[in-house]
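The numbering of the sequence shown is the working numbering, which starts it at 85 and goes up by one. Glycine is no exception: its CB is placed at the ideal position from the N, C-alpha and C atoms. A quick write-up on the structure given underneath.
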Amino acid sequence: MSKADDKLAFTSKNCWEVYNGKKDQAEMQKLAARYLDFLTRCKTERNTVDYLAERLNKAGFSLGGFKNGKGMKIMQGKALFAARKGSRGPSAGLHLIFSHTDAPRLDLKQRPLREQSGVAQAKTHYYGGIRKYQWFARPLALHGVVVKADGSVIRVTLGEEPGEPVFAISDLLPHLAAAQADQPLRKVFEAEKMNLVLGHQPAPVASSAGKSAKRDEKNGAKDPIKANVLRLLNQKYGIIEEDLYSAELQAVPAGPALEVGLDAALLGGYGQDDRINVFLSLEALLADLDKRPARTQCLVFLDKEEIGSEGSTGAKSRFFEYCVQDVIEAWEPRARFSEVMLNSRGISADVHGAVDPDWQELHEKLNSALLGHGPCFCKFTGSRGKYEANDAHPEYVAWLRGLLNKAGVPWQMAELGKVDSGGGGTVAMYFASYGMNIIDCGPAILAMHSPFELSSKADLYATWLAFRAFLQAR
Ligand code: MN
Ligand code: MN
85 MSKADDKLAF
95 TSKNCWEVYN
105 GKKDQAEMQK
115 LAARYLDFLT
125 RCKTERNTVD
135 YLAERLNKAG
145 FSLGGFKNGK
155 GMKIMQGKAL
165 FAARKGSRGP
175 SAGLHLIFSH
185 TDAPRLDLKQ
195 RPLREQSGVA
205 QAKTHYYGGI
215 RKYQWFARPL
225 ALHGVVVKAD
235 GSVIRVTLGE
245 EPGEPVFAIS
255 DLLPHLAAAQ
265 ADQPLRKVFE
275 AEKMNLVLGH
285 QPAPVASSAG
295 KSAKRDEKNG
305 AKDPIKANVL
315 RLLNQKYGII
325 EEDLYSAELQ
335 AVPAGPALEV
345 GLDAALLGGY
355 GQDDRINVFL
365 SLEALLADLD
375 KRPARTQCLV
385 FLDKEEIGSE
395 GSTGAKSRFF
405 EYCVQDVIEA
415 WEPRARFSEV
425 MLNSRGISAD
435 VHGAVDPDWQ
445 ELHEKLNSAL
455 LGHGPCFCKF
465 TGSRGKYEAN
475 DAHPEYVAWL
485 RGLLNKAGVP
495 WQMAELGKVD
505 SGGGGTVAMY
515 FASYGMNIID
525 CGPAILAMHS
535 PFELSSKADL
545 YATWLAFRAF
555 LQAR
């Protein structure tokens, strides 16, 4: 191929080669360190919204309103909307980045506690698309809230502090797995067998004579281990078994997010789908607070993406609409909602599946994302012939690639796997219905939805720069 031919062809760029300068490398490492801290701290949607609110608040975003030009609203502690005024009013169109705060996990059932065969367990009901086998025989932590009948909210975090006990789901020993091994994967791991081991020691029976000792001996015979778990929970949190009915407790992988590889070039941790985009959109907004944007900048952090975007905190809820109405009311009361929406540009910031080195046959190479080659645009998602897809308009794709080319940020475009090998959806289609331009864009990761997802430091950095370019664009 001649040099002239090279100029006509497109190849995606490796971000490690683009950002090999000292300054970029130093910035990349700092960003990665902040990200690992964020990922370690934010294991649930509530942790995530707390983190966002704290950092936005420090940056001058006031909670509850938009009077001063920078504001945010929170829905049920699980979704958050933040907006910053631009030099042009909302009617010129908002620049919005959407991402989701929830991740696949195991929720405790409303009546979780039981005791059998020498252990107390908590029964679980999985949330989102998990591969069940990945959750057995590994340390798990418990996060969430318990709300008492008097309305008081008790926050629970167990199994994260160094030295603190963790939880686990026992797996079948291979010696007895002969029958199990012959079953198809879909059937072999039963959700009702995903029970979290909570304890093993029976409640203490007082040895000294007296009324309490007698009572313990009499009642202690039935489920003494469960009784001990309840006793410990009561000591620590002041709760009783009935309080668990009004609780949301989530079992998630315990422990910190970590660098991966001899070169520490990858980042491993739970919940990167989609907290990597939660983090990057926040960091993109906060990085350029010294520059007055042309357009109103909005970050929308949504819950329930992994289970169909339902509920009052998901993308199908009216929360987004209410917030935009408040923004219009505060900054340009005469603007029409439809006008604002029709002029808006959105990025549905979600992760993409990178080509898996061990499963390359499931990807169609021309239209796949490579780890390290920058944020990945996904023009459409869906499955079975683009069913349930937002198919972004080519005019918008052209504007975006022009924007990133001008900013010198590498990008790639991909669809998720070979046609008919599976598929998936994002929140893009719900916001497209307002008439705004929107496209899926985010880093490609490995082992998506697993307890230890892998992302590239170079993609983290490139996506941050891409989001900054988008928020600042005219
Ligand atoms: Mn996602
Ligand atoms: Mn997902």
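Is it the case that the segment 455-473 contacts the segment 504-511, given that we only count it when at least three CB pairs across the two stretches are under 8 Å?
The segment 504-511 is in contact with the segment 455-473.
Tell me, which residues are paired with N279 by DSSP?
N279 pairs with K207.
Within 10 angstroms of the Cβ of W443, are there 16 or more other Cβ atoms? Answer buried if so, exposed if not.
Under this definition W443 is an exposed residue.
Could you tell me whether any non-hydrogen atom of ligand 1 is closer than 6 Å to the CB of D543?
Flag unset: Cβ of D543 not near ligand 1.
Could you pull the start and end residues of the beta strand (DSSP E) that I158 belongs to?
Looking at the DSSP string, the run of the beta strand (DSSP E) that includes I158 is K154 to M159.
Which residue wins for smallest C-alpha separation from Q218, given the options A275, G243 and L383?
Of the candidates A275, G243 and L383, the one whose C-alpha sits nearest the C-alpha of Q218 is A275.
For ligand 2, is there a heavy atom less than 6 Å away from the beta-carbon of D524?
Because no heavy atom of ligand 2 lies under 6 Å away, the Cβ of D524 does not count as near it: no.
Could you check what DSSP says for K193 in three-state terms: helix, strand or coil?
K193 falls in the strand class under three-state DSSP.
Starting from T185, follow its DSSP beta bridges and name the residues at the other end.
Partner(s): none; T185 has no beta bridge.
On the DSSP bridge list, what partners appear for Y471?
Y471 is bridged to S467.
For G395, I'd like the list of residues in its chain whose CB is within less than 6 Å of its CB, leaving aside the five on either flank, ordered along the chain.
K388, listed in sequence order.
Following the continuous alpha helix (DSSP H) through R485, name the residue where it begins and the one where it ends.
Unbroken alpha helix (DSSP H) run through R485: P478 to A491.
Note the first and the last residue of the continuous beta strand (DSSP E) segment covering V240.
Where V240 is concerned, the enclosing beta strand (DSSP E) stretches over V237 to L242.
Considering only C-alpha positions, which residue in the set A93, V289 and E367 is nearest to Y119?
Y119 has its Cα closest to that of E367, out of A93, V289 and E367.
Can you give the Cα-Cα distance for P249 and A262, rounded to whole angstroms?
Straight-line Cα distance between these residues: approximately 32 Å.
With a threshold of 6 Å, establish whether the CB of D387 neighbours any heavy atom of ligand 3.
The model depicted lacks ligand 3 and carries ligand 1 and ligand 2 instead.
Check whether the segment 433-450 touches the segment 186-200, counting contact only when three or more Cβ pairs, one atom from each stretch, lie closer than 8 Å.
These segments do not touch.
How long is the line joining the alpha carbons of G144 and Q381, rounded to whole angstroms?
When rounded, the distance between both Cα atoms is 14 Å.
Which of helix, strand or coil does DSSP assign to K541?
In this structure, K541 counts as helix in the three-state DSSP scheme.
Buried or exposed: R552, going by 16 or more other Cβ atoms within 10 Å of its Cβ?
Looking at its Cβ environment, which holds 16 or more other Cβ atoms inside 10 Å, R552 is buried.
If I follow the unbroken alpha helix (DSSP H) through E138, where does it start and stop?
Element bounds for E138: E129 to K142.
Please classify I324 as buried or exposed, where buried requires at least 16 neighbouring CB atoms within 10 angstroms.
Exposed: under 16 other Cβ atoms inside 10 Å.
In the DSSP assignment, what are the bridge partners of Q334?
DSSP output for Q334 lists D191 and H227 as bridge partner(s).
Closest to L256 by CA distance: which of R222, F403 and P288 is it?
Selected option, being the one with the closest Cα: R222.
If we ignore side chains and look at the alpha-carbon of each, how far apart do E301 and K310 end up?
Annotation note: pLDDT 49 at E301 (below 50); position unreliable, coordinate value reported separately. Taking the straight line joining both Cα atoms gives about 15 Å.
So, R172 versus A378, is the Cβ gap smaller than 7 Å?
Yes, Cβ-Cβ distance for R172 and A378 is below 7 Å.
Could you please give the first and the last residue of the uninterrupted alpha helix (DSSP H) stretch that includes R270?
L269 to V272 is the extent of the alpha helix (DSSP H) around R270.
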